[in-house]
Every structure is written in structure tokens, then in C-alpha cells.
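Undergrad: Residue numbering for the sequence shown is 27 to 285, as defined by my numbering. Heads up, the beta-carbon is just placed ideally off N, CA and C, and yes, glycines get one too.
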Amino acid sequence: MAAAFQAGLALGPILGGILFSEGLEAGLFHASGVFAFNLLVAASILLCSAGDFKVKTGLRRPEGVLDGVRDYLKLGYLGVLVVWLSVLFTAFEGIVWAFEPLFGRHLGLNAFSAGVVLSMFVAPFIVFTVFAGVVADRYGRIRVLAPAVLASGLFLLLFGLSGGFLSLAALAFLSAAGLTFAWTSASGLLAEASKAHGKGGIVGVWNTAEELGYVLGPIAGGLVAQYSTFRAPFILLGVVMALTAALILSTSKRYLSHR
């Protein structure tokens, strides 16, 4: 399911570039046709499977939500690390999706080329996610995190300094490849911890941190771009990721020694 989700994210920008290649007005007309087709498909699926749905009512007690937060706080270093990485990684995605089209337009790329570059930020998740999980299991999730975050940050910084279509596409792919290994390792760490504690509320806190990154990323990127250039959000985020990798390197040894 995750691979299919990422495939849609990768193909979407390319399809968007094709739809809008003839101009904004024609692109909106074509996009509305695709949207209408998707609605018909969704309605057909809903009608065919209507008998399979069961509606459950009732609200969860507020105490249950607080229990999930308390369980997460018990994770200590690991919990803080995963929350920060979740915010950082989803801020990465939010900034890329918000500012790569503007950056591409600033550089003079056409709609199709900008769509291809944007899809390169997603393609590694399709190609490397399973392999990244195998590597993390073999060499240790916490040990894979630092080099993966560092590589992703450095390539993103270079992306912000680049200007040609081919270099942008290549650097986007390499940065997202590093993020794939980092995100898979962080997800595995939390999955292992939540299983050990037997609490689904831990995953709920993690998901909340992810959504927070999607909100804060475009806002922070917009503030930076407003007072600088469209390159600045990518460069600044790359620097923050490099500093995060250094922090992981300096603190992970203590964590591993207490395991």
C-alpha cells in the first residue's frame, strides 16, 4: 500500500505537467475532467461495496488520549528523537511540494520539467523503501539514521544551489533517497518501541508530529522565501538536517550503550 501511495505521488507531478503544458486555462479544464473521472470511479466502488461497511459509534475517553501521551514520554531519548525527525521529515515534504514548482518557474523550467523534478523527490520511496528496511534491520536502525539524514540534507542543500534541469532532478532523487533510508529507520525504531510497550497511543503521538511538520514546513519556508529567495528554504533545511545528523552521532552512542 505504501508503494502504491508513493507511486501516485511520483506520477502526479508528471501528469500535472502534461495537463498544464498547454497553459493554465486548458490545464484546469483537463484537470477537472480527470477529477470528474476519479469521482465516478470512487462512486462506483462505494456503490459496489456499500454492504460491506459497518459504522461504529462512540467517542474515546479523554483519559485514553492522555495515556498515549504518557506512554510516549516513557520512551525518553528515542521518543524525542523520533518526534523531531517526524516533524523534520514531513516539513521536508511540505517545503518541497510548496516551493519546488515556484523554484522551477523562477529558474525558467517548463511545467513538464518542473513536474519531473518534483517526482524525483518521490521516486526513491518506491525504489528503495523495502531495501532500506532490510539495511536498517541488518546494520541497526539507529546506526543508519545519521548518515542517511546527513546525505539527504547535503544533497538538498546542493539542490538549492543548483540551476539546471538535469542537476535538479539528480539532486532531488539523491536527497529523497537519503530521506527514504532515514524515514524507514525512524519508523522502525518507533514500531519496535511501541510493540514493546504494547500501546497504540504511541503511534498516535508520532502521527501528530508528522502532521505538525506538514503544517509548519510550508509556513517556515514561506517566511524564509519572502525575505530571501526561493533557494533559501532548501538551503536552510539542508543545513538543519546536517546539524540533526551531527546531533544523532553525538548522542546515539549513549543510547546504544544503555540498551
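(1) Taking 8 Å as the limit between beta carbons, can you name the residues of its chain near Leu-128, skipping five residues before and five after?
(2) Under the three-state reduction of DSSP, which class applies to Ala-196: helix, strand or coil?
(3) Check this for me: beta carbons of Leu-144 and Leu-215, under 8 Å apart or not?
(4) Determine contact between the segment 146-153 and the segment 188-205, defined as no fewer than three beta-carbon pairs at a distance below 8 Å.
(5) What does a CB cutoff of less than 7 Å around Leu-171 pick up in its chain, not counting 5 residues either side in sequence?
(6) For Val-148, which three-state DSSP category applies?
(7) Kindly indicate which three-state DSSP category Leu-85 falls into: helix, strand or coil?
(8) With a CB to CB cut of under 6 Å and the five nearest residues on each side skipped, what residues in its chain are close to Glu-126?
(9) When you compare each of Gly-134, Leu-66 and Ala-124 to Pro-244 by their alpha carbons, which one comes out closest?
(10) Buried or exposed for Ser-112, please, with buried defined as at least 16 other CB atoms from any protein chain shown within 10 angstroms of its CB.
(11) Rounded to a whole number of angstroms, what is the C-alpha to C-alpha distance between Arg-167 and Leu-66?
(12) If you count every other CB in all the chains shown that lies within 10 Å of the CB of Glu-237, and 16 or more means buried, which is it?
(13) Would you report the Cα separation of Ala-162 and Val-175, rounded to the nearest angstrom?
(14) Figure out for me which residue from Phe-157, Arg-169, Ala-258 and Thr-155 has the closest Cα to the Cα of His-132.
(15) Does the Cβ-Cβ distance between Leu-192 and Phe-185 come in under 8 Å?
(16) Since Gly-239 contacts Thr-116 with CB under 8 Å, what's their CB separation in whole angstroms?
(17) Excluding the 5 residues preceding and the 5 following Met-146 in the sequence, name in chain order all residues of the same chain whose CB lies nearer than 6 Å to its CB.
(18) Quick one: grab the DSSP three-state call for Leu-184.
(19) Please state whether the Cβ-Cβ distance between Ile-261 and Phe-138 is less than 8 Å.
(20) Helix, strand or coil: which one does DSSP assign to Gly-135?
(21) Rank Ala-235, Thr-155 and Phe-157 by C-alpha distance to the C-alpha of Val-106 and give the top, closest one.
(22) Out of Ser-188, Thr-270, Ser-178 and Leu-242, state which residue places its alpha-carbon closest to the alpha-carbon of Ile-121.
TA: Looking at the coordinates:
(1) Position 102 of the sequence shown, counted from the first residue, corresponds to residue 128. Excluding sequence neighbours, Leu-128 sits near Ala-251 and Phe-256.
(2) Against the sequence shown, residue 196 aligns to sequence position 170. DSSP places Ala-196 in helix when its eight states are reduced to three.
(3) To locate residue 144, count along the sequence shown from 1; it is residue 118. To locate residue 215, count along the sequence shown from 1; it is residue 189. For Leu-144 and Leu-215, no; Cβs fall outside 8 Å.
(4) Per the Cβ contact rule, the segment 146-153 is in contact with the segment 188-205 (3 or more Cβ pairs under 8 Å).
(5) Start at 1 with the first residue of the sequence shown, and residue 171 comes out as number 145. The answer, listed in chain order, is Ala-208, Ser-211, Ala-212 and Ile-274.
(6) Along the sequence shown, read from residue 1 onward, the residue named residue 148 stands at position 122. Reduced to three states, the DSSP call for Val-148 is coil.
(7) Numbered from its first residue, the sequence shown carries residue 85 at position 59. Here the model assigns Leu-85 a pLDDT of 47, short of 50, so the residue's position is not dependable, and the following value carries that caveat. In this structure, DSSP gives Leu-85 a state outside helix and strand, which the three-state scheme calls coil.
(8) As a first step, residue 126 is located in the sequence shown; it is residue number 100 there, counting from the start. Correct list, in chain order: Leu-144.
(9) Indexing the sequence shown from 1 puts residue 244 at position 218. Per the Cα distances, Ala-124.
(10) What you label residue 112 is simply residue 86 of the sequence shown in a count that begins at 1. Ser-112 is buried by the Cβ-count criterion.
(11) Reading the sequence shown from its first residue, position 141 is the one you call residue 167. Reading the sequence shown from its first residue, position 40 is the one you call residue 66. Here the alpha carbon of Arg-167 sits roughly 43 Å from the alpha carbon of Leu-66.
(12) The residue labelled residue 237 in the question sits at position 211 within the sequence shown. In summary, Glu-237 is exposed, with fewer than 16 beta-carbon neighbours lying within 10 Å of its beta-carbon over all protein chains present.
(13) The sequence position of residue 162 within the sequence shown is 136, counting from 1. The sequence position of residue 175 within the sequence shown is 149, counting from 1. Cα to Cα, Ala-162 sits roughly 13 Å from Val-175.
(14) Here residue 132 is taken as the residue at index 106 of the sequence shown, counted from 1. Considering only alpha carbons, the answer is Ala-258.
(15) Indexing the sequence shown from 1 puts residue 192 at position 166. Indexing the sequence shown from 1 puts residue 185 at position 159. For Leu-192 and Phe-185, no; Cβs fall outside 8 Å.
(16) Residue 239 sits at position 213 when you count from the first residue of the sequence shown. Residue 116 sits at position 90 when you count from the first residue of the sequence shown. So it is a contact: roughly 3 Å between Cβ atoms.
(17) As a working mapping, residue 146 is identified with position 120 in the sequence shown. Only Ala-195, Ala-198 and Phe-199 meet the Cβ criterion.
(18) Numbered from 1 along the sequence shown, position 158 holds the residue referred to as residue 184. Helix, per DSSP.
(19) As a first step, residue 261 must be located in the sequence shown, where it is residue number 235. As a first step, residue 138 must be located in the sequence shown, where it is residue number 112. Not in contact: Ile-261 and Phe-138 (Cβ atoms no closer than 8 Å).
(20) Taking the first residue of the sequence shown as position 1, residue 135 is located at position 109. This sequence places Leu at residue 135; Gly is not what is there. Correct three-state label for Leu-135: coil.
(21) Position 80 of the sequence shown holds residue 106. Residue Ala-235 is the option with its Cα nearest to Val-106.
(22) The residue labelled residue 121 in the question sits at position 95 within the sequence shown. Ranking Ser-188, Thr-270, Ser-178 and Leu-242 by Cα distance to Ile-121 puts Leu-242 first.
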